[in-house]
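With the working numbering applied, the sequence shown has no gaps in its numbers, which climb one by one up to 893 at the end.
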Amino acid sequence: MRTYRITLRPQSAITSIPSSDTLFGAICWSIRLLYGDKKLKEILSRFSSNDPPFILSSSFPISSSGIMFFPKPKLKKLSPSTLISIANKEQRENKKKEALFHVITKYKKFSKISYLSEGLLKAVLDGNATEETLFRGFINNIILEKHGFLIKKEEASLIGESFIKSEIRVRTRIDRLSGSTSGEGEMFHNEIKFIGSGFSLFFLLKTDEISLLEPLVNRNKFLSDHGIGGDRNIGFNHFKLSLEELNLNLGGEGKIFVTLSKYIPVVEEIDANKDFLSYDVIPYISRVDNTYDFQGKFVKDRVFYMKEGSVFKAKEKKEFYGRIAKVCVIGEEEIYQNGFAFPLFFNS
546 MRTYRITLRP QSAITSIPSS DTLFGAICWS IRLLYGDKKL KEILSRFSSN DPPFILSSSF
606 PISSSGIMFF PKPKLKKLSP STLISIANKE QRENKKKEAL FHVITKYKKF SKISYLSEGL
666 LKAVLDGNAT EETLFRGFIN NIILEKHGFL IKKEEASLIG ESFIKSEIRV RTRIDRLSGS
726 TSGEGEMFHN EIKFIGSGFS LFFLLKTDEI SLLEPLVNRN KFLSDHGIGG DRNIGFNHFK
786 LSLEELNLNL GGEGKIFVTL SKYIPVVEEI DANKDFLSYD VIPYISRVDN TYDFQGKFVK
846 DRVFYMKEGS VFKAKEKKEF YGRIAKVCVI GEEEIYQNGF AFPLFFNS
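This is the structure we're talking about:
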């Protein structure tokens with residue numbers, strides 16, 4: 546499959562950064578509107594048969610200077626003995642306890658960083674950086690944290706204002722059955738986000754059938770016109786999209802991979818040796834998109850995702866892993882949740 550980058554330039558506030566399942570839903574609705582219900586069912590059948598016509602990552606930040614940021618791989622945590630060893634090297638004037646406290650405090654901050662730059666990710670995947678070497682660089686200010694990103698020192702000047710700002714606003718919930726504020730309608734607080742002017746978002750797409758998807762972005766601009774995610778009808782989550790083929794110089798020849806998308810594993814695909822597993826689980830319940838007037842059931846069944854940045858070892862190297870899950874049936878309509886991984890492989 547060829548790799549493409551789709552850039553999302555925000556035209557409004559957003560309620561969340563679009564993840565792979567949200568992007569999948571937006572693309573599927575667009576396919577249905579552009580090509581018809583029969584074409585969408587044909588495509589979903591291919592996903593169900595483990596022959597997906599495309600694979601998506603989640604959305605991540607990209608700076609106006611062109612630096613792409615990715616989820617920080619969930620590498621094995623440093624052991625207490627390693628932290629003590631680092632503290633011993635940081636020790637000054639026999640202040641052992643102070644040095645250890647400083648190192649532990651810094652490691653907590655380091656562990657909370659969500660994204661790292663493309664250059665640092667490449668070093669990790671190539672085997673030139675580990676959790677320990679990244680943290681030692683962080684301690685010694687060779688590697689920095691800026692606006693929630695882990696970056697090389699020389700990249701700091703290329704990143705301007707903060708990536709994202711949040712506001713809390715009061716809204717009124719509308720009862721979906723009565724169409725009014727009566728019944729289940731009520732006042733509530735909602736967090737909205739604004740992407741800084743020095744940033745956009747992007748996601749990666751792998752496909753050999755770009756002619757199917759390109760019209761959704763460039764020609765008919767369905768995704769730009771309709772928005773991506775919830776609350777589109779009240780002005781949120783609108784973007785200008787652009788698509789370009791990308792020579793993604795990331796990834797090695799091994800079988801260990803980090804997923805760039807929310808992932809529902811297939812047991813038979815993964816080596817269960819715990820030495821090669823490092824992941825976060827997300828219990829996930831979402832609502833049915835109401836682009837069409839579905840009646841009765843609005844909440845999908847729960848699925849359990851492996852979070853972006855989780856690390857696994859595959860039994861066999863492939864372009865994708867995982868599956869889609871049927872999460873709801875409304876009349877004759879079957880609703881699916883995307884759980885295919887977008888893998889980047891380590892060298893070992």
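Yeah, the Cβ is synthetic: ideal placement off N, Cα and C, and Gly gets one too.
If you're wondering where the values come from, they're calculated on a predicted model, not measured in any experiment.
Continuous beta strand (DSSP E) stretch holding F865: start and end:
Looking up residue 865 in the sequence shown gives position 320. Per DSSP, F865 belongs to no beta strand (DSSP E) and is neither H nor E.
Short of 6 Å in beta carbon distance, which residues of its chain neighbour D816, apart from the five on each side in sequence? Order them along the chain.
Reading the sequence shown from its first residue, position 271 is the one you call residue 816. K858 and K860.
Host alpha helix (DSSP H) of N633 (start-end)
Within the sequence shown, numbered from 1, the residue matching residue 633 stands at position 88. That run of the alpha helix (DSSP H) goes P625 to E635.
The beta strand (DSSP E) that contains I576, what's its start and end?
Along the sequence shown, read from residue 1 onward, the residue named residue 576 stands at position 31. Counting along the chain, I576 falls outside any beta strand (DSSP E), though it belongs to the alpha helix (DSSP H) covering S565 to Y580.
Could you tell me the boundaries of the beta strand (DSSP E) in which V648 lies?
The sequence position of residue 648 within the sequence shown is 103, counting from 1. V648 -> not in any beta strand (DSSP E); alpha helix (DSSP H) instead, spanning K641 to S656.
Close-in-space but distant-in-sequence residues of the same chain around R550 (CB under 7 Å, 5 per side omitted):
What you label residue 550 is simply residue 5 of the sequence shown in a count that begins at 1. Cβ within range, chain order: F747, L749, E789 and L791.
What are the boundary residues of the alpha helix (DSSP H) that G664 is part of?
For the purposes of this step, residue 664 is taken as residue 119 along the sequence shown, with counting starting at 1. In this chain, the alpha helix (DSSP H) harbouring G664 covers E663 to L670.
For the alpha helix (DSSP H) holding S756, just list the boundary residues, first then last.
Here the question's residue 756 lines up with position 211 in the sequence shown. Membership of S756 in the alpha helix (DSSP H) is indicated by the continuous run I755 to E759.
Reduced DSSP category for N686 - H, G, I as helix; E, B as strand; rest coil:
The residue given as residue 686 occupies position 141 in the sequence shown. Assignment of N686 by DSSP, reduced to helix, strand and coil, places it in the coil class.
Among the candidates D596, K640 and S831, whose CA atom is the shortest distance from the CA of T567?
For this step, residue 567 is matched to residue 22 along the sequence shown. When each option's Cα is compared against that of T567, the closest is S831.
CB-CB under 7 Å to I588, same chain, minus the five flanking residues each way: which ones, in chain order?
As a working note, residue 588 is residue 43 in the sequence shown. Contacts found: I576 and P598.
Less than 8 Å between the CB atoms is what I'm expecting for K751 and R547, so what's the real figure, rounded?
Your numbering for residue 751 matches position 206 in the sequence shown. Your numbering for residue 547 matches position 2 in the sequence shown. Confirmed, Cβ separation roughly 7 Å.
Touching by the beta-carbon criterion (3+ pairs, under 8 Å), the stretch 861 to 875 and the stretch 555 to 562:
No: the two stretches stay apart, fewer than three of their Cβ pairs being nearer than 8 Å.
Extent of the continuous beta strand (DSSP E) run through N857:
By 1-based counting over the sequence shown, the position of residue 857 is 312. Before going further, note that residue 857 is Phe rather than Asn in the sequence given. For F857, the enclosing beta strand (DSSP E) has its first and last residue at V856 to K858.
For E676, count neighbouring C-beta atoms within 10 Å of its own C-beta (all shown protein chains included) and say buried if the count is 16 or more, exposed if not.
The residue given as residue 676 occupies position 131 in the sequence shown. With at least 16 other beta carbons inside 10 angstroms of its own, E676 counts as buried.
Boundaries (first-last residue) of the beta strand (DSSP E) holding V803
Within the sequence shown, the letter at position 258 stands for residue 803. Per DSSP, V803 belongs to the beta strand (DSSP E) from I801 to T804.
Between Q556, S823 and F592, which lies nearest to L882 when the distance is taken from Cα to Cα?
Counted from its first residue, the sequence shown places residue 882 at position 337. Looking at the sequence itself, residue 882 is Gln, so the reference to Leu does not match. When the alpha-carbon of Q882 is set against those of Q556, S823 and F592, the nearest one is in F592.
Quick check on the burial criterion: 16 or more other C-beta atoms within 10 angstroms. Buried or exposed for V812?
Working through the sequence shown from its first residue, we reach residue 812 at position 267. By the neighbour-count rule (16 or more Cβ atoms within 10 Å), V812 is not buried but exposed.
Select from L553, S557, L579 and P555 the residue whose C-alpha is nearest the C-alpha of L758.
If you number the sequence shown from 1, residue 758 lands on position 213. Closest option to L758, Cα to Cα, is L579.
Can you tell me whether K619 is helix, strand or coil according to DSSP?
What you label residue 619 is simply residue 74 of the sequence shown in a count that begins at 1. In the three-state reduction of the DSSP assignment, K619 falls in the coil class.
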